[in-house]
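Enquirer: If you scroll down you'll find the structure; I have some questions about it.
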Amino acid sequence: MNYKEKQKLILEGNMSRVILTLAAPIMFNNLVQTLYNLADTYWVSKLGTLEMASITLVFPVIFLTLSVGTGINVAGTALISQYIGSNGEKDATRVATQMFSFSVILSIILGIIGYFSTPYIVKAMGGNGDVFTYSTEYLSIMFWEIPGMFLFLVYTSIKQGQGDTVTPMVLNVMGVILNIILDPIFIFTFGMGIRGAAIATVLSRMIFALYAIYTLFAQKNGIYLDKNNLGLDRKTLGEIISIGLPASLGQSAAAFGFVILNGFVISYGADTLAAFGIGNRINSLILMPVMGIGNALATIIGQNLGANKKDRTTLAFKTSMRLSTIFMIIGGIILFIASPNIVSIFVKNDPEVFRQGTEYLKLISASLPLMGFFQVFVGTFQGSGHTIYAMMMDMGRLWGIRIPMIMLFKKYTHWGSSGVWYAMVLSNGLICIFGLIVYLSGKWQKQIIKKKALA
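All residue numbers in the sequence shown are consecutive under the working numbering, ending with 455.
Shown next as structure tokens:
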């Protein structure tokens, strides 16, 4: 399906088909990424416990850095999709080119600062001894992945804004496969240890990121990168930053919030933290369909808002809600019934972790539709470009509701570790009420594109 055919499908096609067509590649991409993370963990775990602990320690730093690029990605998808919907391909191309230029500069600056700051960052996070050494080796190299990471996010944003979720998925899968192949070669064959794992990741990411960007310069149909507009334009950058900054702040605050959340969870003991970790890994697999729907919805909302088809944005929202509810009810039933068998795969000889993990999964299974609603609300607000509402949902769920609830439940109830699970369910429900209020206000249906500013 070419660019114009995809645009026609998004603006005129059966909504369920549109959503599933765009969401399916994203779901598969998320699955492959999860499998890669498991494979990467497997190879590093062969080196030893200290190496595994070192990567675990610095992962939040990588995630926080990624959240900056994610903000640019969200802004690009919103702007490009709305310009395409309004038949403003030239404006969309200019936004895409400015995203590229800004991302190159920003990623190089962040990479350099991160590289030279690595020892101080690891030390501040509590790394010492061999963990400090391994963490520093790994993180300093991983900071050179930032340009490749940001470039691929730009490419993904440009393609998804046009409704193409397949091509980014294919390139990412190829990168993951290359990474899986290179990991044991660099780690063991070349004897580079944990540095080899980082180098394999940087190389596999950079190769396909550069190829992806090359294709955008080479093509002249659809939205491409225009070498004549690479110089930074203040007005266009202002649009990108004003939309992308709330998304970045929301992602960063959520990432940091989960670090704090882990601190509260471990206060109940290592058994509770282990159960929490197992439950979250399983939960991330169950949530893949609705995460795909949320990402696809951003493009659909954007293009239809750009075309002034507000009735279709409402239809897209309602259809996404219906599909996500169906997926999550099915997933919840399976998870509730199979939770003891699922937990037993990860827990062999620890009855307390088994008990808490099973309790967590059963409780979460009943609240899965709420998580689906959350993803749909966030996708709607990001696609419309009103990322401030998505930021408020990201930050409010953790900082405004969940963490305070955990503190209150710990102090004033006798629920023990169960209070953590109750706080998670309640925070998901309450933040969805906020999302519903914003949705019903209709403020998210206002266009964000400013064609005159880019003329």
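Beta carbons: idealized from backbone N, C-alpha and C, even for Gly.
1. Alpha helix (DSSP H) containing glycine 302: first to last residue?
2. Give the C-beta separation of isoleucine 406 and glycine 419 to the nearest angstrom, bearing in mind that I take them to be a contact with Cβ-Cβ under 8 Å.
3. Within its chain, find whatever has a CB closer than 6 Å to the CB of serine 365; leave out the 5 residues flanking it on each side and keep chain order.
4. Could you check whether valine 353 and aspartate 271 sit closer than 7 Å to each other, using their CB atoms as the reference points?
5. Just verifying my parser: in three-state terms, what is the DSSP assignment at lysine 4?
6. Assuming contact is defined by CB atoms lying nearer than 7 Å, are leucine 139 and threonine 156 in contact in what I supplied?
7. Could you please give the first and the last residue of the uninterrupted alpha helix (DSSP H) stretch that includes glycine 429?
8. How would you write the range of the alpha helix (DSSP H) that aspartate 91 sits in, first residue to last?
9. May I have the straight-line CA-CA distance separating alanine 39 from tyrosine 268, to the nearest angstrom?
10. So isoleucine 26 packs on threonine 165, CB below 8 Å; how close in whole Å?
11. For the alpha helix (DSSP H) that methionine 174 lies in, which residues bound it at each end?
12. Tell me the rounded alpha-carbon separation between lysine 309 and isoleucine 10.
13. Looking at C-beta atoms only, is the number of pairs between the segment 200-207 and the segment 228-245 that lie closer than 8 Å three or more?
14. Would you report the Cα separation of glutamate 359 and tyrosine 422, rounded to the nearest angstrom?
15. For leucine 16 and leucine 297, I'd like the C-alpha separation in whole angstroms.
16. With C-beta atoms as the reference, is leucine 368 less than 7 Å away from methionine 424?
17. Which residue's Cα is closest to the Cα of phenylalanine 317: Asn283, Gly48, Ala275, Phe381?
18. At the level of alpha carbons, what is the spacing between arginine 94 and leucine 287?
19. Mind checking isoleucine 449: buried by the 16 CB within 10 Å criterion, or exposed?
20. Buried or exposed: asparagine 2, going by 16 or more other Cβ atoms within 10 Å of its Cβ?
21. Roughly how many angstroms separate the alpha carbons of serine 252 and glutamine 303, rounded to a whole number?
22. Quick one, are the C-beta atoms of threonine 387 and alanine 254 less than 7 Å apart?
23. Under DSSP, the alpha helix (DSSP H) around valine 58 begins and ends at which residues?
24. With alanine 402 as the anchor, note down where its alpha helix (DSSP H) starts and where it stops.
25. With the cut-off set at 7 Å, would you say glycine 429 and glycine 357 are in Cβ contact?
26. Between which two residues does the alpha helix (DSSP H) harbouring asparagine 228 extend?
27. I need the DSSP call for serine 16, collapsed to helix, strand or coil.
28. Using a Cβ distance threshold of 8 Å, determine whether the segment 142-156 contacts the segment 72-81, with at least three qualifying pairs required.
29. What are the boundary residues of the alpha helix (DSSP H) that leucine 151 is part of?
30. When DSSP labels each residue in this structure, what does aspartate 130 get in the three-state scheme?
31. Here's a check: name, in chain order, each residue in its chain whose Cβ is nearer than 8 Å to the Cβ of leucine 273, leaving out the five neighbours to either side.
Expert: Looking at the atomic coordinates:
1. Counting from 1 along the sequence shown, the entry for residue 302 is found at position 302. DSSP places glycine 302 in the uninterrupted alpha helix (DSSP H) bounded by 288-306.
2. Taking the first residue of the sequence shown as position 1, residue 406 is located at position 406. Taking the first residue of the sequence shown as position 1, residue 419 is located at position 419. With 8 Å as the limit, isoleucine 406 and glycine 419 qualify as a contact, their Cβ atoms being about 6 Å apart.
3. To locate residue 365, count along the sequence shown from 1; it is residue 365. Cβ neighbours of serine 365 beyond the five flanking positions: Gly332, Leu335, Phe336.
4. Walking along the sequence shown from the start, residue 271 turns up at place 271. Walking along the sequence shown from the start, residue 353 turns up at place 353. Yes, these two residues count as a Cβ contact at 7 Å.
5. Sequence index remark: in the sequence shown, residue 4 carries index 4 (1-based). Assigned with DSSP and collapsed to three states, lysine 4 falls in helix.
6. Taking the first residue of the sequence shown as 1, we reach residue 139 at position 139. Taking the first residue of the sequence shown as 1, we reach residue 156 at position 156. Not closer than 7 Å, so no.
7. Looking up residue 429 in the sequence shown gives position 429. From DSSP, the alpha helix (DSSP H) with glycine 429 extends over 418-441.
8. Counted from its first residue, the sequence shown places residue 91 at position 91. Run containing aspartate 91: 89-124, per the alpha helix (DSSP H) assignment.
9. To locate residue 39, count along the sequence shown from 1; it is residue 39. To locate residue 268, count along the sequence shown from 1; it is residue 268. In this model, alanine 39 and tyrosine 268 are separated by some 30 Å (Cα to Cα).
10. Along the sequence shown, read from residue 1 onward, the residue named residue 26 stands at position 26. Along the sequence shown, read from residue 1 onward, the residue named residue 165 stands at position 165. Their Cβ separation, rounded to whole angstroms, is 5 Å, which keeps isoleucine 26 and threonine 165 in contact under 8 Å.
11. If you number the sequence shown from 1, residue 174 lands on position 174. Here the alpha helix (DSSP H) through methionine 174 covers 166-184.
12. The sequence position of residue 309 within the sequence shown is 309, counting from 1. The sequence position of residue 10 within the sequence shown is 10, counting from 1. So the two alpha carbons sit approximately 11 Å from each other.
13. no
14. Reading the sequence shown from its first residue, position 359 is the one you call residue 359. Reading the sequence shown from its first residue, position 422 is the one you call residue 422. Between the alpha carbons of glutamate 359 and tyrosine 422 lies a distance of about 11 Å.
15. Residue mapping note: residue 16 aligns to position 16 of the sequence shown, counting from 1. Residue mapping note: residue 297 aligns to position 297 of the sequence shown, counting from 1. Note that residue 16 is serine in the sequence shown, not leucine. If I take the Cα positions, the gap works out to 11 Å.
16. Residue 368 sits at position 368 when you count from the first residue of the sequence shown. Residue 424 sits at position 424 when you count from the first residue of the sequence shown. It is not a contact, given that the beta carbons lie outside the stated cut-off.
17. Taking the first residue of the sequence shown as position 1, residue 317 is located at position 317. Just measuring C-alpha positions, the residue of Asn283, Gly48, Ala275, Phe381 sitting nearest phenylalanine 317 is Phe381.
18. Here residue 94 corresponds to residue number 94 of the sequence shown, with the count starting at 1. Here residue 287 corresponds to residue number 287 of the sequence shown, with the count starting at 1. Those two C-alpha atoms are separated by around 35 Å.
19. Here the question's residue 449 lines up with position 449 in the sequence shown. With 16 or more Cβ atoms within 10 Å of its Cβ, isoleucine 449 is classed as buried.
20. Position 2 of the sequence shown holds residue 2. Counting Cβ neighbours within 10 Å, asparagine 2 comes out exposed, since fewer than 16 surround it.
21. Numbered from 1 along the sequence shown, position 252 holds the residue referred to as residue 252. Numbered from 1 along the sequence shown, position 303 holds the residue referred to as residue 303. Spanning the two alpha carbons is a distance of roughly 27 Å.
22. Here the question's residue 387 lines up with position 387 in the sequence shown. Here the question's residue 254 lines up with position 254 in the sequence shown. Against a cut-off of 7 Å, the Cβ pair of alanine 254 and threonine 387 comes out as no contact.
23. As a first step, residue 58 is located in the sequence shown; it is residue number 58 there, counting from the start. Element bounds for valine 58: 49-85.
24. Start at 1 with the first residue of the sequence shown, and residue 402 comes out as number 402. Before going on, a small fix: residue 402 reads as arginine here, not alanine. No alpha helix (DSSP H) contains arginine 402, which DSSP labels as neither H nor E.
25. Residue 429 sits at position 429 when you count from the first residue of the sequence shown. Residue 357 sits at position 357 when you count from the first residue of the sequence shown. Taking the C-beta atoms as reference points, glycine 357 is found no nearer than 7 Å to glycine 429.
26. Taking the sequence shown and counting its residues from 1, one reaches residue 228 at position 228. First-last for asparagine 228: undefined, no H or E at that position.
27. What you label residue 16 is simply residue 16 of the sequence shown in a count that begins at 1. The answer is helix: DSSP assigns serine 16 an H, G or I state.
28. yes
29. To locate residue 151, count along the sequence shown from 1; it is residue 151. That run of the alpha helix (DSSP H) goes 146-161.
30. Position 130 of the sequence shown, counted from the start, is the residue given in the question as residue 130. Reduced to three states, the DSSP call for aspartate 130 is helix.
31. By one-based count along the sequence shown, residue 273 stands at place 273. Once the five neighbours on either side are set aside, the close Cβ partners of leucine 273 are Asn262, Val265, Ile266.
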